[in-house]
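Right, one structure below, let's go through it.
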Amino acid sequence: MRIIAGEKRGHYLIGPPQVDIKGLRPMPDKVRESVFNILGSWVVGKTVLDLYAGTGAVGLEALSRGASSVTFVELNKITIDVIEKNIMKLGFSAEVLQRDAKSFISDLKDKYDLIFITPPHAIIDFEVTKLAGDRINKGGIIIQESDSKEDIPEIKGLKKFDHRDYGKLKLTFFEK
């Protein structure tokens with residue numbers, strides 16, 4: 058895993074220790090590159106929420122490309138440690154929270170410009186996406202990762218404006 062572009066382009070990320078972490082599958086570099094190519098310079102100055110952050114590669118890429126802030130939400134302590142090490146390694150500052158994504162978004166009062174929802178495919182819960190729709194700024198974007206065979210429902214108050222298939226992985230883009 059590496060940072061693909063921006064201020065920290067080419068920096069390699071620390072990966073999780075060689076233990077089996079249920080459901081952990083970092084977004085492949087090529088997919089992450091494609092996502093940020095779609096977003097382009099729009100991400101500069103934006104506030105980002107990385108739900109089910111895993112290794113943090115998505116949020117770290119956003120920081121490298123100029124996001125003003127990123128909040129990482131992850132339940133697994135092992136991957137929380139990985140995120141914190143990578144933030145320090147890259148010289149960034151960010152908020153890292155060990156929380157369940159659904160309870161976090163349910164309690165959330167703040168709003169963000171960009172929300173990544175990248176759960177392990179076994180626990181996809183579109184209620185999180187619906188809740189995120191209330192926590193996104195007008196003109197903001199939600200990117201939902203799912204299995205390519207998953208039927209992505211319409212979400213009230215959000216416009217589905219794009220989707221991309223990457224083998225077994227699908228990304229759906231919503232705008233408020």
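Counting the sequence shown from 1 gives a position; our numbering is that position plus 57.
Glycine included, C-beta positions come from ideal geometry on N, C-alpha and C.
Since we're looking at a predicted model, the values are computed, not measured.
Selected residue, minimal CA-CA separation from residue i, among the options
i      : options                           : result
Asn94  : Ser160, Phe231 and Gly63          : Gly63
Phe161 : Ala189, Ile209, Lys146 and Pro177 : Ala189
Lys194 : Pro83, Asp170 and Pro176          : Here residue 194 turns out to be Asn, not Lys, going by the sequence shown. Among Pro83, Asp170 and Pro176, the Cα nearest to that of Asn194 belongs to Asp170.
Gly214 : Ile199, Thr104, Phe129 and Met58  : Ile199
Tyr223 : Arg66, Lys146 and Glu207          : Glu207
Gly72  : Phe173, Leu108, Thr112 and Ile61  : Thr112
Glu232 : Ile61, Leu96, Arg59 and His68     : Leu96
Lys146 : Ala114, Leu154, Phe173 and Lys159 : Ala114
Arg66  : Asp182, Ala158, Glu118 and Leu108 : Glu118
Leu108 : Phe173, Asp219, Gln155 and Arg59  : Phe173
Ala158 : Thr175, Gly148 and Ile61          : Thr175
Gln155 : Asp182, Met58 and Phe129          : Phe129
Residue i, DSSP secondary structure in three states
i      : result
Lys185 : Correcting the residue type first, residue 185 is Val in the shown sequence and not Lys. Residue state, collapsed to three classes: helix.
Leu203 : Note on identity: in this sequence residue 203 is Ser, with Leu being the wrong assignment. Correct three-state label for Ser203: strand.
Lys233 : coil
Gly196 : strand
Asp208 : coil
Asp191 : coil
Gly167 : In the sequence as displayed, the identity of residue 167 is Asp instead of Gly. Looking at Asp167 - three-state DSSP - the assignment turns out to be coil, as it is neither helix nor strand.
Lys225 : coil
Lys65  : coil
Lys87  : helix
Lys213 : coil
Ile172 : strand
Residue environment, residue i, which counts as buried when at least 16 other CB atoms sit within 10 Å
i      : result
Leu70  : buried
Glu152 : exposed
Gly196 : exposed
Glu240 : Look at the range of the chain in this structure, 58 to 233, and you will see that residue 240 is not part of it.
Leu106 : buried
Phe218 : exposed
Gly116 : buried
Residue i Cβ short of 7 Å to the ligand ADP heavy atom set
i      : result
Ser150 : In terms of ligand content, the structure shown is empty, and the ligand ADP therefore cannot be addressed.
Are there three or more Cβ pairs, one per stretch, closer than 8 Å when the segment 96-106 is compared with the segment 121-128?
-> yes
Flag this pair as touching only if the segment 223-232 and the segment 200-214 have three or more C-beta atom pairs under 8 Å; answer yes or no.
-> yes
Tell me the start and end of each unbroken alpha helix (DSSP H) in the segment 89-161 that is at least 4 residues and wholly inside, in chain order.
-> 114-121 and 134-147
Is the number of C-beta pairs between the segment 131-146 and the segment 84-91 that are closer than 8 Å three or more?
-> no
Touch test, the segment 141-153 against the segment 162-169, Cβ-Cβ under 8 Å, three pairs minimum | no
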